[in-house]
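In my numbering, the protein residues as written are 206 to 573.
For reference, the structure discussed in these notes is given below.
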(Lines of atoms letter the chains of each structure in order from A and count residues from 1; the text may use other names and numbers.)
(Lines give C-alpha, C1' and ligand atoms only; values in the text may rest on other atoms or scores of the structure.)
Protein backbone atom coordinates (compact mmCIF):
# COMPACT_ATOMS: atom_id res chain seq x y z
CA UNK A 1 0.00 0.00 0.00
CA UNK A 2 1.30 3.48 -0.89
CA UNK A 3 2.52 5.52 2.08
CA UNK A 4 0.11 8.38 1.39
CA UNK A 5 -2.79 5.98 1.98
CA UNK A 6 -1.47 5.14 5.46
CA UNK A 7 -1.14 8.70 6.78
CA UNK A 8 -3.65 9.64 9.48
CA UNK A 9 -3.93 13.04 7.78
CA UNK A 10 -2.43 14.05 4.45
CA UNK A 11 0.91 15.88 4.73
CA UNK A 12 1.39 19.19 2.93
CA UNK A 13 2.63 17.56 -0.23
CA UNK A 14 4.83 14.49 -0.53
CA UNK A 15 8.00 16.52 -1.05
CA UNK A 16 9.58 19.28 1.04
CA UNK A 17 12.09 21.59 -0.59
CA UNK A 18 14.55 23.31 1.78
CA UNK A 19 16.73 25.95 0.05
CA UNK A 20 20.37 25.88 1.11
CA UNK A 21 22.97 28.62 1.26
CA UNK A 22 25.87 26.32 2.17
CA UNK A 23 28.95 25.83 0.01
CA UNK A 24 30.48 22.55 -1.14
CA UNK A 25 34.06 22.26 0.10
CA UNK A 26 36.81 20.07 -1.31
CA UNK A 27 40.06 19.16 0.41
CA UNK A 28 43.20 18.20 -1.49
CA UNK A 29 44.95 17.00 1.70
CA UNK A 30 44.71 13.21 1.54
CA UNK A 31 47.58 12.15 3.78
CA UNK A 32 46.66 13.40 7.24
CA UNK A 33 43.71 13.24 9.57
CA UNK A 34 42.81 13.16 13.22
CA UNK A 35 43.56 9.73 14.66
CA UNK A 36 40.38 9.64 16.79
CA UNK A 37 38.19 10.52 13.83
CA UNK A 38 39.86 8.07 11.48
CA UNK A 39 39.47 5.35 14.13
CA UNK A 40 35.76 6.18 14.32
CA UNK A 41 35.57 6.04 10.52
CA UNK A 42 37.12 2.55 10.62
CA UNK A 43 34.59 1.51 13.25
CA UNK A 44 31.81 2.93 11.10
CA UNK A 45 32.94 0.72 8.20
CA UNK A 46 33.35 -2.35 10.40
CA UNK A 47 29.92 -1.97 12.00
CA UNK A 48 27.81 -1.73 8.83
CA UNK A 49 24.88 -4.18 8.86
CA UNK A 50 21.84 -5.18 6.83
CA UNK A 51 18.49 -4.34 8.41
CA UNK A 52 16.78 -7.00 6.29
CA UNK A 53 18.97 -9.75 7.81
CA UNK A 54 20.00 -8.68 11.32
CA UNK A 55 16.42 -7.99 12.46
CA UNK A 56 13.94 -10.86 12.90
CA UNK A 57 11.13 -9.46 10.77
CA UNK A 58 9.13 -12.67 11.08
CA UNK A 59 8.27 -11.79 14.69
CA UNK A 60 4.58 -11.00 15.09
CA UNK A 61 3.42 -7.56 16.30
CA UNK A 62 -0.01 -6.84 17.78
CA UNK A 63 -1.17 -3.62 16.05
CA UNK A 64 -3.23 -2.72 19.13
CA UNK A 65 -0.18 -3.00 21.38
CA UNK A 66 2.85 -2.66 19.09
CA UNK A 67 5.35 -1.56 21.72
CA UNK A 68 4.17 -3.24 24.91
CA UNK A 69 5.04 -0.18 26.99
CA UNK A 70 3.05 0.65 30.16
CA UNK A 71 -0.31 2.39 29.66
CA UNK A 72 0.84 4.97 32.22
CA UNK A 73 3.02 6.40 29.46
CA UNK A 74 -0.10 7.45 27.50
CA UNK A 75 -1.11 11.07 28.11
CA UNK A 76 -4.79 10.13 28.45
CA UNK A 77 -4.14 7.54 31.14
CA UNK A 78 -5.94 8.47 34.36
CA UNK A 79 -8.09 11.17 32.74
CA UNK A 80 -11.92 11.15 32.42
CA UNK A 81 -11.46 10.29 28.74
CA UNK A 82 -9.49 7.16 29.65
CA UNK A 83 -12.21 6.00 32.05
CA UNK A 84 -14.78 6.12 29.25
CA UNK A 85 -12.70 4.19 26.73
CA UNK A 86 -13.40 0.55 25.85
CA UNK A 87 -10.52 -1.95 25.63
CA UNK A 88 -10.73 -1.65 21.85
CA UNK A 89 -10.47 2.15 22.11
CA UNK A 90 -7.40 1.80 24.34
CA UNK A 91 -5.84 -0.55 21.80
CA UNK A 92 -6.44 1.98 19.03
CA UNK A 93 -4.85 4.67 21.20
CA UNK A 94 -1.76 2.50 21.75
CA UNK A 95 -1.57 1.93 17.99
CA UNK A 96 -1.80 5.65 17.25
CA UNK A 97 0.83 6.55 19.84
CA UNK A 98 3.24 3.91 18.52
CA UNK A 99 2.61 5.10 14.96
CA UNK A 100 3.15 8.73 15.97
CA UNK A 101 6.39 7.98 17.84
CA UNK A 102 7.92 5.79 15.15
CA UNK A 103 6.76 8.15 12.39
CA UNK A 104 8.69 11.00 14.04
CA UNK A 105 11.66 8.64 14.35
CA UNK A 106 11.34 7.89 10.62
CA UNK A 107 11.13 11.54 9.60
CA UNK A 108 14.01 12.39 11.91
CA UNK A 109 16.18 9.64 10.39
CA UNK A 110 15.54 10.94 6.90
CA UNK A 111 16.54 14.37 8.20
CA UNK A 112 19.69 12.83 9.69
CA UNK A 113 20.52 11.23 6.35
CA UNK A 114 20.19 14.58 4.55
CA UNK A 115 22.22 16.37 7.25
CA UNK A 116 24.98 13.74 7.13
CA UNK A 117 25.13 14.17 3.35
CA UNK A 118 25.28 17.94 3.88
CA UNK A 119 28.23 17.46 6.24
CA UNK A 120 30.03 15.41 3.56
CA UNK A 121 29.48 18.31 1.18
CA UNK A 122 30.33 21.26 3.43
CA UNK A 123 32.78 20.20 6.16
CA UNK A 124 36.36 21.33 5.37
CA UNK A 125 38.26 18.29 6.70
CA UNK A 126 38.55 15.07 4.72
CA UNK A 127 38.55 12.82 7.80
CA UNK A 128 35.14 14.26 8.75
CA UNK A 129 33.89 13.74 5.19
CA UNK A 130 34.96 10.09 5.37
CA UNK A 131 33.06 9.45 8.59
CA UNK A 132 29.97 11.39 7.47
CA UNK A 133 29.78 9.17 4.41
CA UNK A 134 29.43 6.11 6.65
CA UNK A 135 26.86 7.91 8.76
CA UNK A 136 24.79 8.76 5.68
CA UNK A 137 24.53 5.01 5.01
CA UNK A 138 23.63 4.35 8.64
CA UNK A 139 20.79 6.89 8.52
CA UNK A 140 19.48 5.45 5.26
CA UNK A 141 19.34 2.03 6.96
CA UNK A 142 17.51 3.47 9.97
CA UNK A 143 14.91 5.20 7.79
CA UNK A 144 14.43 1.93 5.85
CA UNK A 145 13.87 0.00 9.09
CA UNK A 146 11.41 2.44 10.68
CA UNK A 147 9.52 2.66 7.40
CA UNK A 148 9.24 -1.13 7.18
CA UNK A 149 8.01 -1.41 10.78
CA UNK A 150 5.35 1.25 10.21
CA UNK A 151 4.20 -0.16 6.88
CA UNK A 152 4.30 -3.89 7.65
CA UNK A 153 3.63 -4.09 11.39
CA UNK A 154 1.45 -1.09 12.30
CA UNK A 155 -0.09 0.00 8.99
CA UNK A 156 -0.32 3.68 9.93
CA UNK A 157 1.88 6.79 9.67
CA UNK A 158 1.72 10.31 11.04
CA UNK A 159 3.03 13.38 9.18
CA UNK A 160 6.13 15.11 10.52
CA UNK A 161 5.57 17.12 13.68
CA UNK A 162 5.63 20.90 13.10
CA UNK A 163 8.34 21.54 15.71
CA UNK A 164 10.60 18.80 14.35
CA UNK A 165 10.15 20.16 10.83
CA UNK A 166 10.93 23.71 12.02
CA UNK A 167 14.21 22.62 13.64
CA UNK A 168 15.17 20.55 10.60
CA UNK A 169 14.49 23.53 8.35
CA UNK A 170 16.52 25.90 10.53
CA UNK A 171 19.40 23.40 10.58
CA UNK A 172 19.48 22.84 6.82
CA UNK A 173 18.98 26.47 5.79
CA UNK A 174 21.94 27.73 7.83
CA UNK A 175 25.02 28.40 5.71
CA UNK A 176 27.55 27.61 8.48
CA UNK A 177 29.08 24.16 8.01
CA UNK A 178 28.90 23.24 11.71
CA UNK A 179 25.13 23.72 12.03
CA UNK A 180 24.09 20.29 10.65
CA UNK A 181 26.29 18.81 13.39
CA UNK A 182 24.74 20.99 16.07
CA UNK A 183 21.12 20.79 14.95
CA UNK A 184 21.04 17.14 13.99
CA UNK A 185 23.72 15.21 15.87
CA UNK A 186 23.50 17.11 19.13
CA UNK A 187 19.85 18.19 19.37
CA UNK A 188 17.62 16.00 17.19
CA UNK A 189 19.63 12.78 17.51
CA UNK A 190 20.40 13.42 21.17
CA UNK A 191 16.70 13.66 21.93
CA UNK A 192 15.89 10.70 19.70
CA UNK A 193 18.51 8.54 21.42
CA UNK A 194 16.92 9.14 24.80
CA UNK A 195 13.45 8.42 23.36
CA UNK A 196 14.72 5.23 21.72
CA UNK A 197 16.30 4.17 25.02
CA UNK A 198 13.13 4.81 27.02
CA UNK A 199 11.12 2.50 24.74
CA UNK A 200 13.93 -0.05 24.37
CA UNK A 201 14.20 -0.41 28.14
CA UNK A 202 10.44 -0.64 28.84
CA UNK A 203 9.05 -2.63 25.89
CA UNK A 204 8.29 -6.32 26.34
CA UNK A 205 8.08 -6.86 22.57
CA UNK A 206 11.17 -8.41 20.93
CA UNK A 207 10.90 -6.78 17.49
CA UNK A 208 10.83 -3.11 18.54
CA UNK A 209 13.49 -3.91 21.14
CA UNK A 210 15.80 -5.27 18.43
CA UNK A 211 15.15 -2.32 16.13
CA UNK A 212 15.86 0.28 18.79
CA UNK A 213 18.88 -1.49 20.27
CA UNK A 214 20.62 -1.93 16.92
CA UNK A 215 19.89 1.61 15.75
CA UNK A 216 21.13 3.02 19.07
CA UNK A 217 24.39 1.15 18.60
CA UNK A 218 24.96 3.17 15.42
CA UNK A 219 23.80 6.42 16.98
CA UNK A 220 26.37 6.13 19.77
CA UNK A 221 29.06 6.54 17.08
CA UNK A 222 27.27 9.49 15.50
CA UNK A 223 27.09 11.43 18.74
CA UNK A 224 30.78 10.69 19.38
CA UNK A 225 31.56 12.09 15.91
CA UNK A 226 29.62 15.29 16.56
CA UNK A 227 31.31 15.77 19.92
CA UNK A 228 34.81 15.31 18.46
CA UNK A 229 34.30 17.65 15.53
CA UNK A 230 32.49 20.42 17.39
CA UNK A 231 34.67 20.35 20.50
CA UNK A 232 37.73 20.99 18.35
CA UNK A 233 36.05 23.70 16.28
CA UNK A 234 34.25 25.58 19.06
CA UNK A 235 37.50 26.21 20.92
CA UNK A 236 38.37 28.60 18.09
CA UNK A 237 35.13 30.62 18.13
CA UNK A 238 34.80 34.18 19.36
CA UNK A 239 32.44 34.89 22.26
CA UNK A 240 29.90 36.35 19.83
CA UNK A 241 30.02 33.28 17.58
CA UNK A 242 29.61 31.00 20.56
CA UNK A 243 26.60 32.98 21.82
CA UNK A 244 24.95 32.67 18.38
CA UNK A 245 25.19 28.91 18.59
CA UNK A 246 23.95 28.86 22.16
CA UNK A 247 20.86 30.82 21.07
CA UNK A 248 20.28 28.20 18.35
CA UNK A 249 20.55 25.44 20.98
CA UNK A 250 18.10 27.22 23.30
CA UNK A 251 15.50 27.64 20.57
CA UNK A 252 16.04 24.08 19.36
CA UNK A 253 15.66 22.59 22.84
CA UNK A 254 12.34 24.37 23.38
CA UNK A 255 11.13 23.09 20.00
CA UNK A 256 12.20 19.55 20.87
CA UNK A 257 10.55 19.74 24.27
CA UNK A 258 7.26 20.91 22.73
CA UNK A 259 7.24 18.24 20.02
CA UNK A 260 6.92 15.53 22.68
CA UNK A 261 3.31 16.33 23.50
CA UNK A 262 1.70 14.10 20.88
CA UNK A 263 -1.23 16.49 20.62
CA UNK A 264 -1.88 15.25 17.07
CA UNK A 265 -2.77 11.82 18.48
CA UNK A 266 -5.30 13.16 20.95
CA UNK A 267 -6.91 15.36 18.30
CA UNK A 268 -7.54 12.20 16.25
CA UNK A 269 -9.54 10.92 19.23
CA UNK A 270 -11.82 13.95 19.25
CA UNK A 271 -10.06 15.93 21.97
CA UNK A 272 -9.78 19.69 21.24
CA UNK A 273 -6.22 20.94 20.79
CA UNK A 274 -6.28 23.21 23.86
CA UNK A 275 -7.45 20.37 26.10
CA UNK A 276 -4.93 17.97 24.55
CA UNK A 277 -2.14 20.44 25.37
CA UNK A 278 -3.47 20.75 28.93
CA UNK A 279 -3.49 16.98 29.39
CA UNK A 280 0.10 16.78 28.16
CA UNK A 281 1.21 19.49 30.58
CA UNK A 282 -0.51 17.67 33.47
CA UNK A 283 0.98 14.26 32.67
CA UNK A 284 3.46 13.21 35.37
CA UNK A 285 4.95 10.59 33.07
CA UNK A 286 5.51 13.14 30.30
CA UNK A 287 7.21 15.51 32.76
CA UNK A 288 9.61 12.72 33.76
CA UNK A 289 10.00 11.65 30.14
CA UNK A 290 11.00 15.20 29.14
CA UNK A 291 13.68 15.31 31.78
CA UNK A 292 15.14 11.96 30.79
CA UNK A 293 15.02 12.90 27.12
CA UNK A 294 17.50 15.70 27.73
CA UNK A 295 19.93 13.31 29.44
CA UNK A 296 21.79 12.96 26.13
CA UNK A 297 21.63 16.59 24.98
CA UNK A 298 22.65 18.63 28.03
CA UNK A 299 25.96 16.84 28.78
CA UNK A 300 26.85 16.89 25.07
CA UNK A 301 26.20 20.63 24.78
CA UNK A 302 28.33 21.21 27.87
CA UNK A 303 31.07 18.93 26.56
CA UNK A 304 31.46 20.75 23.24
CA UNK A 305 31.92 24.08 25.02
CA UNK A 306 28.50 25.74 24.79
CA UNK A 307 27.68 26.57 28.40
CA UNK A 308 27.01 30.32 28.64
CA UNK A 309 24.77 31.96 31.21
CA UNK A 310 21.69 32.24 28.93
CA UNK A 311 21.94 28.57 28.00
CA UNK A 312 22.29 27.49 31.60
CA UNK A 313 19.27 29.62 32.57
CA UNK A 314 17.22 27.98 29.80
CA UNK A 315 18.09 24.51 31.12
CA UNK A 316 17.13 25.60 34.64
CA UNK A 317 13.78 26.79 33.22
CA UNK A 318 13.26 23.42 31.54
CA UNK A 319 14.19 21.59 34.74
CA UNK A 320 17.06 19.71 33.08
CA UNK A 321 20.13 21.66 34.23
CA UNK A 322 21.39 18.80 36.43
CA UNK A 323 21.54 16.58 33.35
CA UNK A 324 24.77 18.38 32.49
CA UNK A 325 26.56 16.10 34.95
CA UNK A 326 25.43 12.88 33.23
CA UNK A 327 28.17 10.53 32.03
CA UNK A 328 27.63 10.50 28.28
CA UNK A 329 30.43 8.01 27.60
CA UNK A 330 28.88 5.52 30.02
CA UNK A 331 25.46 5.87 28.36
CA UNK A 332 26.98 5.23 24.94
CA UNK A 333 28.93 2.21 26.19
CA UNK A 334 25.68 0.76 27.58
CA UNK A 335 24.02 1.21 24.17
CA UNK A 336 26.82 -0.83 22.57
CA UNK A 337 26.61 -3.55 25.22
CA UNK A 338 22.83 -3.97 24.96
CA UNK A 339 23.00 -4.45 21.16
CA UNK A 340 25.87 -6.94 21.48
CA UNK A 341 23.99 -8.87 24.16
CA UNK A 342 20.91 -9.12 21.95
CA UNK A 343 23.08 -10.47 19.12
CA UNK A 344 24.67 -13.04 21.43
CA UNK A 345 21.26 -14.21 22.67
CA UNK A 346 19.93 -14.54 19.12
CA UNK A 347 22.99 -16.43 17.89
CA UNK A 348 22.81 -18.80 20.88
CA UNK A 349 19.13 -19.51 20.21
CA UNK A 350 19.81 -20.13 16.50
CA UNK A 351 22.68 -22.46 17.39
CA UNK A 352 20.41 -24.46 19.71
CA UNK A 353 17.85 -24.75 16.91
CA UNK A 354 20.50 -26.07 14.50
CA UNK A 355 21.72 -28.61 17.06
CA UNK A 356 18.15 -29.78 17.63
CA UNK A 357 17.60 -30.15 13.88
CA UNK A 358 20.77 -32.30 13.57
CA UNK A 359 19.69 -34.48 16.50
CA UNK A 360 16.22 -34.94 14.98
CA UNK A 361 17.77 -35.88 11.63
CA UNK A 362 20.08 -38.41 13.30
CA UNK A 363 17.21 -39.87 15.32
CA UNK A 364 15.09 -40.12 12.20
CA UNK A 365 17.92 -41.94 10.39
CA UNK A 366 18.40 -44.40 13.24
CA UNK A 367 14.73 -45.25 13.35
CA UNK A 368 14.79 -46.06 9.62
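The beta carbon of each residue, even a glycine, is placed where N, CA and C say it ideally should be.
From a predicted model like this one, the values you see are computed outputs, not experimental measurements.
> Are there 16 or more other CB atoms within 10 angstroms of the CB of residue 337, so buried, or fewer, so exposed?
Replying inline: Stepping through the chain shown from its first residue, residue 337 is reached at position 132. Buried.
> Quick one, which of 563, 547, 288 and 543 has its alpha-carbon nearest residue 261's?
Replying inline: Residue mapping note: residue 261 aligns to position 56 of the chain shown, counting from 1. When only C-alpha atoms are compared, the closest one is 547.
> Do you know how far the Cα of residue 208 is from the Cα of residue 283?
Replying inline: Position 78 of the chain shown, counted from the start, is the residue given in the question as residue 283. Position 3 of the chain shown, counted from the start, is the residue given in the question as residue 208. Taking the straight line joining both Cα atoms gives about 34 Å.
>> List, from N- to C-terminal side, the alpha helix (DSSP H) runs of 4 residues or more that fit wholly inside the segment 426-493.
In response: Runs of the alpha helix (DSSP H) inside the segment 426-493: 444-463, 468-472 and 478-487.
> Can you tell me the Cα-Cα spacing of residue 265 and residue 250, whole angstroms?
Replying inline: Taking the first residue of the chain shown as position 1, residue 265 is located at position 60. Taking the first residue of the chain shown as position 1, residue 250 is located at position 45. Taking the straight line from one Cα to the other gives about 31 Å.
> Can you check whether the CB of residue 508 is closer than 8 Å to the CB of residue 533?
Replying inline: Against the chain shown, residue 533 aligns to sequence position 328. Against the chain shown, residue 508 aligns to sequence position 303. Yes, Cβ-Cβ distance for residue 533 and residue 508 is below 8 Å.
> Just the Cα atoms here: how many angstroms apart are residue 389 and residue 383?
Replying inline: The residue given as residue 389 occupies position 184 in the chain shown. The residue given as residue 383 occupies position 178 in the chain shown. Approximately 10 Å, taken between the alpha carbons.
> If you compare alpha carbons, which of 290, 458 and 335 is closest to residue 244?
Replying inline: Start at 1 with the first residue of the chain shown, and residue 244 comes out as number 39. Cα-wise, what sits closest to residue 244 is 335.
> Sorted by chain position, which residues of the same chain lie with C-beta nearer than 6 Å to residue 413's C-beta, five sequence neighbours on each side aside?
Replying inline: The sequence position of residue 413 within the chain shown is 208, counting from 1. Counting only Cβ-Cβ distances below 6 Å, and skipping sequence neighbours, we find 272.
> Taking DSSP as the reference, what is the three-state secondary structure of residue 387?
Replying inline: Residue mapping note: residue 387 aligns to position 182 of the chain shown, counting from 1. In this structure, residue 387 counts as helix in the three-state DSSP scheme.
> Rounded to whole angstroms, how far is the Cβ of residue 453 from the Cβ of residue 387, which I believe are closer than 8 Å?
Replying inline: As a working note, residue 453 is residue 248 in the chain shown. As a working note, residue 387 is residue 182 in the chain shown. Correct: roughly 7 Å between the Cβ atoms.
>> By DSSP's criteria, residue 212 is part of a beta bridge. Which residues make up the other side?
In response: Here residue 212 refers to the residue found at position 7 when the chain shown is read from its first residue. The secondary-structure analysis by DSSP pairs residue 212 across a beta bridge with 362.
> Taking the alpha carbon of residue 224 as the point to measure from, which residue in 253, 380 and 279 has its own alpha carbon closest?
Replying inline: Taking the first residue of the chain shown as position 1, residue 224 is located at position 19. Of 253, 380 and 279, the smallest CA-CA separation from residue 224 is found for 380.
> Helix, strand or coil: how does DSSP classify residue 290 here?
Replying inline: Indexing the chain shown from 1 puts residue 290 at position 85. Residue state for residue 290 is assigned as coil, using DSSP reduced to three classes.
>> For residue 300, which residues in the same chain have their Cβ closer than 7 Å to its Cβ, ignoring the five residues on either side in sequence?
In response: Against the chain shown, residue 300 aligns to sequence position 95. Hits under 7 Å: 268, 269, 271, 359 and 361.
> Where does residue 575 sit, in a helix, a strand or coil, going by DSSP?
Replying inline: It is not possible to answer for residue 575, since the shown part of the chain is limited to 206 through 573.
>> I'd like to check one pair, residue 305 with residue 467: are the Cβ atoms closer than 8 Å?
In response: For the purposes of this step, residue 467 is taken as residue 262 along the chain shown, with counting starting at 1. For the purposes of this step, residue 305 is taken as residue 100 along the chain shown, with counting starting at 1. In contact: residue 467 and residue 305 (Cβ atoms closer than 8 Å).
> Among the residues of its own chain, which have a CB less than 7 Å from the CB of residue 351, if the five just before and after it don't count?
Replying inline: For the purposes of this step, residue 351 is taken as the residue at position 146 of the chain shown. Around residue 351: 307, 310, 311 and 314.
>> Given this structure, state the Cα-to-Cα distance separating residue 500 from residue 411, to the nearest angstrom.
In response: What you label residue 500 is simply residue 295 of the chain shown in a count that begins at 1. What you label residue 411 is simply residue 206 of the chain shown in a count that begins at 1. Cα-Cα distance, rounded: 25 Å.
>> Going by DSSP, what residue range makes up the alpha helix (DSSP H) through residue 531?
In response: On the chain shown, position 326 is the one that residue 531 refers to. Here residue 531 belongs to no alpha helix (DSSP H), and DSSP marks it neither H nor E.
> Which class does residue 341 belong to by DSSP, given the choice of helix, strand or coil?
Replying inline: Position 136 of the chain shown holds residue 341. Of the three classes helix, strand and coil, the one that applies to residue 341 here is helix, per DSSP.
>> Taking the straight line between their C-alpha atoms, what separation do you get for residue 289 and residue 400?
In response: By one-based count along the chain shown, residue 289 stands at place 84. By one-based count along the chain shown, residue 400 stands at place 195. Going from the Cα of residue 289 to the Cα of residue 400 covers about 29 Å.
> Does DSSP classify residue 252 as helix, strand or coil?
Replying inline: Position 47 of the chain shown, counting from 1, holds the residue named residue 252. In this structure, residue 252 counts as coil in the three-state DSSP scheme.
> Is residue 305 helix, strand or coil when you go by DSSP?
Replying inline: For the purposes of this step, residue 305 is taken as residue 100 along the chain shown, with counting starting at 1. In this structure, residue 305 counts as helix in the three-state DSSP scheme.
>> Give me, in chain order, the residues of the same chain whose beta-carbon lies closer than 8 Å to that of residue 589; leave out the 5 immediate sequence neighbours on both sides.
In response: The question about residue 589 has no answer here: the residues shown for the chain are numbered 206 through 573.
>> Output needed for residue 296: all residues of its chain with C-beta closer than 7 Å, excluding positions within five of it in sequence on either side, in chain order.
In response: Indexing the chain shown from 1 puts residue 296 at position 91. Taken in chain order, the residues that qualify are 269 and 270.
> If you count every other CB in all the chains shown that lies within 10 Å of the CB of residue 235, and 16 or more means buried, which is it?
Replying inline: The count along the chain shown starts at 1 and reaches residue 235 at position 30. The residue in question, residue 235, is exposed, as its Cβ has fewer than 16 Cβ neighbours within 10 Å.
> Going by beta carbon distance, what residues of the same chain come within less than 7 Å of residue 436, once the five residues before and after it are set aside?
Replying inline: In the chain shown, residue 436 corresponds to position 231, counting from 1. So the qualifying residues of the chain are 508, 509 and 510.
> With distances taken between CB atoms, is the gap from residue 469 to residue 428 smaller than 8 Å?
Replying inline: Taking the chain shown and counting its residues from 1, one reaches residue 469 at position 264. Taking the chain shown and counting its residues from 1, one reaches residue 428 at position 223. No. Outside cutoff.
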